[in-house]
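Undergrad:
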Amino acid sequence: MDNYGEKTALVNSQRPPVKAGWICLIGAWALFLIPMPGIGVIGWALNLAAFIISIIVMVKGRVGAGVAQMVCALAVSPIIYFIGLGILGHFLWSRPRINHLWV
Numbered sequence: 001m002d003n004y005g006e007k008t009a010l011v012n013s014q015r016p017p018v019k020a021g022w023i024c025l026i027g028a029w030a031l032f033l034i035p036m037p038g039i040g041v042i043g044w045a046l047n048l049a050a051f052i053i054s055i056i057v058m059v060k061g062r063v064g065a066g067v068a069q070m071v072c073a074l075a076v077s078p079i080i081y082f083i084g085l086g087i088l089g090h091f092l093w094s095r096p097r098i099n100h101l102w103v
């Protein structure tokens, strides 16, 4: 008997973790936008987890959802990270006052 066919049928019958990938991405993006130094590192760990989950989703047969998650993990996440850095910079450094410019 060939057990290989039974094992692949069991693996392919499992549902791909599409929802888990999106939850990881949204959690990473939320952590990127929190204006606290060091929180972004946790966001990058979640982003890496979402990237790995997107590969698993593609292997399990949901190629479209996996590619969308991978593009978001590789292209959208850095943009949101830099927006979060801008928010952090806004809270950390004070703006020059107009009164001091005319003196």
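Numbering follows my numbering, with no gaps: position 85 of the sequence shown is 85. Yeah, the Cβ is synthetic: ideal placement off N, Cα and C, and Gly gets one too.
(1) Could you tell me which uninterrupted beta strand (DSSP E) segments, each at least 3 residues in length, are contained entirely in the stretch 17-59, listed from first to last along the chain?
(2) Since I believe P35 is in contact with L88 (beta carbons under 8 angstroms), could you give me their beta-carbon distance rounded to a whole number of angstroms?
(3) Within the same chain, show all residues whose beta-carbon is closer than 6 angstroms to that of K60, passing over the 5 residues directly before and after it, in chain order.
(4) Which whole-angstrom value is the C-beta distance of V57 and A65, which I expect to be below 8 angstroms?
(5) Assign R95 to buried or exposed, taking buried as 16 or more other Cβ atoms, counted over all protein chains shown, within 10 Å of its Cβ.
TA: This is what the structure holds:
(1) none
(2) As a position in the sequence shown, residue 88 is number 88, starting the count at 1. As a position in the sequence shown, residue 35 is number 35, starting the count at 1. Contact flag correct, Cβ pair sits at about 5 angstroms.
(3) The residue labelled residue 60 in the question sits at position 60 within the sequence shown. Cβ neighbours of K60 beyond the five flanking positions: P16.
(4) Taking the sequence shown and counting its residues from 1, the one referred to as residue 57 is at position 57. Taking the sequence shown and counting its residues from 1, the one referred to as residue 65 is at position 65. So it is a contact: roughly 6 angstroms between Cβ atoms.
(5) By one-based count along the sequence shown, residue 95 stands at place 95. Exposed is the call here.
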